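What follows is a set of notes on a single structure, which appears directly below.
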Amino acid sequence: MSPADIRKYLKNPGLLNESTLDATRKMTEVYPASSMGWILWLRNLRNTSSPLYFEFLNQVALRVPNRKWLKEFLEIPEVSGFALHGEEYLAIDDYDLGDSSIENEPGNSGQQSKMELIDKFLSGGGTFGKQLPTSGSVPSDLADKAVKESDDIVTETFANLLLSQGNLGKAIQAFEKLILKYPEKSIYFAARIEEIKKLKNH
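Printed below as a string of structure tokens:
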């Protein structure tokens with residue numbers, strides 16, 4: 015089976031039939047490590063309603079790296095020509111895609127303005143301009159926010175760090191918050207607060 019045939023059957027798996035069964039099976043024998051061969055052979059078994067399909071489904075699923083894609087590929091409905099389960103589809107060639115009546119429809123005015131906006135952007139060099147702050151607005155200083163201590167983030171390590179830095183008052187506050195956050199360790203944190211108060215008094 016040629017690479018062109020493989021691409022053709024991957025795009026249109028409904029074309030796999032009794033005549034391609036031997037070719038897809040041979041592909042699995044010649045290239046057993048190729049998952050594409052196994053996928054095509056399994057789909058061919060499904061298209062021909064072979065009893066081997068259910069026998070080899072799990073084996074092929076183990077050989078394929080993307081099982082979701084395998085499932086979607088196996089569930090693609092068979093398409094013969096332009097009919098799918100009794101419904102008829104028209105070929106794209108039947109219509110003139112350059113029809114000018116589409117441009118005159120009332121719903122396309124927004125489409126045209128979008129295209130004009132895109133053309134304007136591309137003619138300007140295709141870069142976004144810097145948005146200048148409006149007069150009277152003061153840009154926020156992100157560094158101030160980073161330095162501020164958050165009441166939400168309190169850990170025992172943070173409280174011990176405050177204690178080692180000599181911030182005894184903040185360490186006591188941190189341990190008090192830890193008592194509320196972890197009531198099962200409240201006795202331990204209360205003892206730490208008492209130690210800090212003794213250090214503070216000396």
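Note that the sequence shown ends on residue 216 in this note's numbering; no numbers are left out. We put the beta carbon where it would ideally sit given N, CA and C, even for glycine. All figures in this text were calculated on a predicted structure; none of them were measured in a lab.
message: Using a Cβ-Cβ cutoff of less than 7 Å, which residues in the same chain neighbour K184 once the five nearest sequence positions on both sides are dropped?
response: So the list reads L176, once near-sequence residues are dropped.
task: Kindly indicate the opening and closing residues of the alpha helix (DSSP H) around V44.
output: 32–44 is the span of the alpha helix (DSSP H), which, as asked, contains V44.
task: State buried or exposed for W83, treating a residue as buried only when at least 16 other CB atoms are found within 10 Å of its CB.
output: Burial call: exposed.
- prompt: Are the region 49–69 and the region 32–39 in contact at 8 Å, needing three or more beta carbon pairs?
  reply: Below 8 Å, enough C-beta pairs join the region 49–69 and the region 32–39 to call them touching: three or more.
- prompt: Going by other Cβ atoms of all chains shown within 10 Å of its Cβ, with 16 needed for buried, is V44 buried or exposed?
  reply: Answer is exposed; the Cβ neighbour count stays below 16.
Nearest residue (CA-CA) to M50, options F87, I210, S127, N31: The shortest C-alpha separation from M50 is found at F87.
message: Let's see if you can read the secondary structure: which residues bound the alpha helix (DSSP H) around I193?
response: Annotation: the continuous alpha helix (DSSP H) that includes I193 extends over 182–195.
query: Taking C-alpha atoms, which residue in F135, N80, R60, T169 lies nearest to L30?
result: Taking only the C-alpha atoms, the option nearest L30 is R60.
query: Does the distance from the CB of I186 to the CB of A204 come in under 8 Å?
result: Contact: no.
task: Go through its chain and collect everything with a Cβ distance to F68's Cβ below 7 Å, but skip five positions before and after it.
output: Counting only Cβ-Cβ distances below 7 Å, and skipping sequence neighbours, we find nothing.
query: Closest by CA to P46, which one among Q73, S200, Q125, G180?
result: Of the listed residues, the one whose Cα sits closest to P46 is Q73.
- request: Excluding the 5 residues preceding and the 5 following P197 in the sequence, name in chain order all residues of the same chain whose CB lies nearer than 6 Å to its CB.
  value: There are no such residues.
Pair within 8 Å by beta-carbon distance, I210 and L182: It is a contact, given that the beta carbons lie within the stated cut-off.
Through-space distance from L76 to T34, alpha-carbon basis: Taking C-alpha positions only, T34 is separated from L76 by approximately 23 Å.
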